[in-house]
Structure formats: structure tokens, C-alpha cells
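Have a look at the structure below, then the notes.
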Amino acid sequence: MHEHTTMISSDEIHLSATDADPLNDRITSELALEPFEGMEFASIEDVKNYYVSYAKKK
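Here our numbering = 1-based position in the sequence shown + 1415.
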């Protein structure tokens, strides 16, 4: 190894990745919304994911 190489474990990588942005928490709360006229989505795939998730809960 080079003298400036730092080794980190996969656990540290996992914790860093999951703590970086609480996006999963936001998605869960957003998906709990009842559909309403005028909802906006970033993409067609987001629309599909929303309605599939919503349908599974009903």
C-alpha cells in the first residue's frame, strides 16, 4: 500500500451512505399521501412507483 492509503470497512461505508441523506424517510412519508389532482412528479417512473406503492397499501 501507499503511505497515504486509508482503509475503511464496508460497515463504515454503509453507515456513511445511509446517513448522508434521509431520502428514504422523505419518500416513505411522501408515498403515504392520498393521490390528489395536480400532483407533480419528477418523471414518469416516479409516477409509476407512487401509484404502485399506493395501490399495494389499499
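Glycine included, each C-beta is placed from N, C-alpha and C at the ideal position.
query: When DSSP labels each residue in this structure, what does E1449 get in the three-state scheme?; result: coil
query: Using the three-state DSSP reduction, which class does S1458 fall into: helix, strand or coil?; result: coil
query: Taking only the alpha-carbon atoms, compute the straight-line gap between F1451 and Y1466 and give it to the nearest angstrom.; result: 12 Å
query: Does DSSP put K1473 in a helix, in a strand, or in coil?; result: coil
query: Suppose you measure from the CA of S1458 to the CA of K1473; what does that come to, to the nearest Å?; result: 23 Å
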